[in-house]
Structures are given as C-alpha cells and as structure tokens.
Amino acid sequence: MPLQIVHHPDYDAGFAVNHRFPMSKYKLLMEALGARGLAGPAALNMPEPAPASWLKLAHAAGYVDQVLTCEVPEKIEREIGFPVGPRVSLRAQLATGGTVLAARLALLNGIACNTAGGSHHARRAQGAGFCTFNDVAVASLVLLAEAAAGNILIVDLDVHQGDGTADILGAERRVFTFSMHGDRNYPTRKTASDLDIALPDGIGDAAYLERLGGILPELTARARWDIVFYNAGVDVHAEDRLGRLSLSNDGLRARDDMAIRHFRALGIPVCGVIGGGYSTDVAALAARHAILFETASGFA
878 MPLQIVHHPD YDAGFAVNHR FPMSKYKLLM EALGARGLAG PAALNMPEPA PASWLKLAHA
938 AGYVDQVLTC EVPEKIEREI GFPVGPRVSL RAQLATGGTV LAARLALLNG IACNTAGGSH
998 HARRAQGAGF CTFNDVAVAS LVLLAEAAAG NILIVDLDVH QGDGTADILG AERRVFTFSM
1058 HGDRNYPTRK TASDLDIALP DGIGDAAYLE RLGGILPELT ARARWDIVFY NAGVDVHAED
1118 RLGRLSLSND GLRARDDMAI RHFRALGIPV CGVIGGGYST DVAALAARHA ILFETASGFA
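So for the sequence shown, this note's numbering puts the first residue at 878; every next one is plus one.
1) Using the C-alpha atoms, what's the distance from Leu1018 back to Val1052?
2) Closest by CA to Ala1005, which one among Leu978, Arg981, Phe959?
3) Provide the residue span of the alpha helix (DSSP H) that contains Gly1059, from first to last.
4) How far does the beta strand (DSSP E) with Phe1176 in it extend, from its first residue to its last?
5) Which value, in whole angstroms, describes the spacing of the CA atoms of Arg955 and Thr1009?
6) For a test of the three-state rule: what should DSSP assign to Asp1033, helix, strand or coil?
7) Look at the Cβ atom of Arg1130, then the Cβ atom of Ile1092, and state whether they are nearer than 8 Å.
8) Run through DSSP, which three-state label would Leu1076 get?
9) With DSSP run on the structure shown, which of helix, strand or coil describes Ala989?
10) Tell me the DSSP secondary structure of Phe1170 in three-state form.
11) Would Arg1056 be called buried (16 or more neighbouring beta carbons within 10 Å of its own) or exposed?
12) Within its chain, find whatever has a CB closer than 6 Å to the CB of Ala1014; leave out the 5 residues flanking it on each side and keep chain order.
13) Which word fits Asn1108, buried or exposed, when buried means at least 16 other C-beta atoms lie within 10 angstroms of its C-beta?
14) Could you give the DSSP three-state label for Leu880: helix, strand or coil?
15) Can you tell me whether Val1147 is helix, strand or coil according to DSSP?
16) What number of angstroms, rounded off, separates the C-alpha of His1139 from the C-alpha of Lys952?
17) Could you have a look at Val1105 and say whether DSSP puts it in helix, strand or coil?
18) Using 10 angstroms around the beta-carbon of Pro1146, count the other beta-carbons present and answer buried if the total reaches 16, otherwise exposed.
19) By Cβ distance, which residues of its chain are closer than 7 Å to Pro963, with the 5 residues on each side in sequence left out?
20) With respect to the alpha helix (DSSP H) encompassing Asp1158, which residues constitute its N-terminal and C-terminal limits?
21) State the start and end residues of the unbroken alpha helix (DSSP H) segment that holds Asp1044.
22) Note down the Cα distance separating Pro899 from Glu1049, rounded to an integer number of angstroms.
23) Determine contact between the stretch 917-934 and the stretch 963-977, defined as no fewer than three beta-carbon pairs at a distance below 8 Å.
24) Using the beta-carbon count (16 or more within 10 Å), is Gly1128 buried or exposed?
25) Whole angstroms is fine: what's the gap from Gln943's alpha carbon to Gly994's?
26) By how many angstroms is the C-alpha of Asp1035 removed from the C-alpha of Asp1071?
27) Taking C-beta to C-beta, are Asp1117 and Thr1172 nearer than 8 Å?
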C-alpha cells in the first residue's frame, strides 16, 4: 500500500502572494508530491472539518466558538498573524480534522502524513504565531478520549518551540511533549515541554543530527508509545527566512529518516505533519516539505 496522505484543497486559504505566511505552499506541495508519484488515488484521503466537540477538548470553548463564527477579537487575530474569516476558519477546522484522520491511518497502517498541521503555537485560550487550532493537541486528546491510544509521544522538530502544545497538554500525563528548536527564536517566552532541547543559531547538519540521534533512545525508553506525532517543520533549513539554523536538504532528509526509522523499527506508528516553513521561493519551500513524504513512503 502506498503512503497514506491526507489533503484537502481548502488547506490553502488564498492569501496574497506577499503575505508572511506562504499559504500557496499547500497547493505546490501537492504538485510536488504528484510529480514524485506519491499522490495517486490509492494514497489520498480527504478530511472532514473537525467538529467543535473535538476542538473544545484542547481549546477554551469561547475561543472555539469565536473561530467557528469568525468573531475572533482583533487583538487575538494580531497574535495569530492574520484575520480569521470564513476561509481561515474552514482551513483550521480541516487541517485539524486532517491530523486526526492521519493519526487513525497511522494506527491502521504504521505511518501516514497530513499535508498540513503542526500548528503548535495555538494554546488553550487562543491561537498565536500563524496557528489557529493546535491540530496535534486536538488529535492526541481525541485518540485518548476514544481509547484509540493510551500513551502518546509528540516529537516536535520545527525550529520554533512548541509552546502551545506544552500549554494544552502539560497536565496530561498520557502525552509526552518533546521539542527541539532554536533557542533564540519565537516564542520569546517558552512554555516548558516535558523535554526541551534548545539549539544555538547556525547549527548545521552534523551537530543537529548528533543531538537528535542521542535523544531518540531516551524518548523510546520512557514508555511504550502507541503513536508518535512527528512535526517535521522545515524552518530549520539554512534558507528559511525565519529559522536561524543551517540544515541542508540532505540534512532534512537525514533527520526525517532518522526519526521515522527509529520509531518504525520499534513498531510504533508515526503520524507526520508538515509544521513550519517560510520562504519567498514557495516552490523551493514546497520541495522541502515534500522530503517528509518521500522519506515516509519508504516505510509505508
């Protein structure tokens, strides 16, 4: 069976091409996956919008209602980084539903990936940092509520610290949150994950992979994980305009292979989400995101 990929055309909410958040990357990612032979009919799965009952497992009910009715206060919209109109609201619901679907497919097949997700700055009270709903936190709590999983590991390798995920899941002992990120990057105020590794500016492939390779056995020794959510943000890349680290395309590929191979060798299902990536060359950015899917397809 091919790698199961979750996608919806409305992941692209149609932002202007000069917006700081490169919204067109979702469409271009699918084109890249098609060119690589990874997006055939047998591989693709389309999500439904996440219902309010799921969203309210992770987020304050009042905030969820604000997003669903497109009545988010301007102050919160500024913290998110864009207005929450109908297309943004739908996109947030679909991306979250997509991560839940990808998690269920991973439990069935061993591995699956969402072409969106990794919105790890959205915290319980509100969104922030280009993140409206925290899809991985929602998906984790849905799986726990349905008894589809009992022990969940979140491996967040986006360049930015997963503060929202830590905020939502800090008291949930059945979920372990791990974030390896740039020390001097957003957010200025970090919210402690269960385990954080802060990296200095400019770190390259070899040092990055050495740190990651050293921590993976420690993570798997902590519990028998039923599923791993893997945030494969590509903003660690040297050419990312918000990243401050120095990984190459080969480094991204080695990182994804190291992480996925480690967990799949132990029989642990992996749900991949794309996380962050910021570039004015959106086609090159989409190609970096495609590395996750190329790598994951080798384990399908």
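Beta carbons: idealized from backbone N, C-alpha and C, even for Gly.
All of these numbers come straight from a predicted model, not from anything done at the bench.
Short version:
1) Against the sequence shown, residue 1052 aligns to sequence position 175. Against the sequence shown, residue 1018 aligns to sequence position 141. Approximately 9 Å between the Cα atoms of the pair.
2) Residue mapping note: residue 1005 aligns to position 128 of the sequence shown, counting from 1. Nearest C-alpha to Ala1005: Phe959.
3) The count along the sequence shown starts at 1 and reaches residue 1059 at position 182. Unbroken run through Gly1059 is the beta strand (DSSP E), 1052-1059; no alpha helix (DSSP H).
4) Counted from its first residue, the sequence shown places residue 1176 at position 299. That residue, Phe1176, is in no beta strand (DSSP E); it is neither H nor E in DSSP.
5) If you number the sequence shown from 1, residue 955 lands on position 78. If you number the sequence shown from 1, residue 1009 lands on position 132. Approximately 11 Å, taken between the alpha carbons.
6) Walking along the sequence shown from the start, residue 1033 turns up at place 156. Strand, per DSSP.
7) Along the sequence shown, one-based indexing puts residue 1130 at 253. Along the sequence shown, one-based indexing puts residue 1092 at 215. It is not a contact, given that the beta carbons lie outside the stated cut-off.
8) Residue mapping note: residue 1076 aligns to position 199 of the sequence shown, counting from 1. Strand, per DSSP.
9) Position 112 of the sequence shown holds residue 989. Of the three classes helix, strand and coil, the one that applies to Ala989 here is strand, per DSSP.
10) Numbered from its first residue, the sequence shown carries residue 1170 at position 293. Note: Phe1170 maps to helix in three-state DSSP.
11) As a first step, residue 1056 must be located in the sequence shown, where it is residue number 179. In the sequence as presented, Arg is not what sits at residue 1056; that position holds Ser. Buried, since its Cβ has 16 or more Cβ neighbours within 10 Å.
12) Reading the sequence shown from its first residue, position 137 is the one you call residue 1014. Closer than 6 Å at the Cβ level, and outside the excluded window around Ala1014, lie Ala935, Thr1042, Ile1045, Leu1046.
13) For the purposes of this step, residue 1108 is identified with residue 231 of the sequence shown, where counting begins at 1. Its Cβ being crowded by 16 or more others within 10 Å, Asn1108 is buried.
14) What you label residue 880 is simply residue 3 of the sequence shown in a count that begins at 1. Note: Leu880 maps to coil in three-state DSSP.
15) On the sequence shown, residue 1147 is found 270 positions in, with the first residue counted as 1. Looking at Val1147 - three-state DSSP - the assignment turns out to be strand.
16) As a first step, residue 1139 is located in the sequence shown; it is residue number 262 there, counting from the start. As a first step, residue 952 is located in the sequence shown; it is residue number 75 there, counting from the start. Approximately 42 Å, taken between the alpha carbons.
17) Numbered from its first residue, the sequence shown carries residue 1105 at position 228. Three-state result, Val1105: strand.
18) Here residue 1146 corresponds to residue number 269 of the sequence shown, with the count starting at 1. Buried: at least 16 other Cβ atoms inside 10 Å.
19) As a working mapping, residue 963 is identified with position 86 in the sequence shown. Answer for Pro963: Cys947, listed in chain order.
20) Indexing the sequence shown from 1 puts residue 1158 at position 281. That residue, Asp1158, is in no alpha helix (DSSP H); it is neither H nor E in DSSP.
21) Walking along the sequence shown from the start, residue 1044 turns up at place 167. Counting along the chain, the alpha helix (DSSP H) containing Asp1044 begins and ends at 1040-1046.
22) Position 22 of the sequence shown holds residue 899. Position 172 of the sequence shown holds residue 1049. Here the alpha carbons of Glu1049 and Pro899 stand approximately 33 Å from one another.
23) These segments touch.
24) Here residue 1128 refers to the residue found at position 251 of the sequence shown. Buried, since its Cβ has 16 or more Cβ neighbours within 10 Å.
25) For the purposes of this step, residue 943 is taken as residue 66 along the sequence shown, with counting starting at 1. For the purposes of this step, residue 994 is taken as residue 117 along the sequence shown, with counting starting at 1. So the alpha carbons of these two residues sit roughly 20 Å apart.
26) Residue mapping note: residue 1071 aligns to position 194 of the sequence shown, counting from 1. Residue mapping note: residue 1035 aligns to position 158 of the sequence shown, counting from 1. Those two C-alpha atoms are separated by around 16 Å.
27) Residue mapping note: residue 1117 aligns to position 240 of the sequence shown, counting from 1. Residue mapping note: residue 1172 aligns to position 295 of the sequence shown, counting from 1. No; because the gap between Cβ atoms is not below 8 Å, this pair is not in contact.
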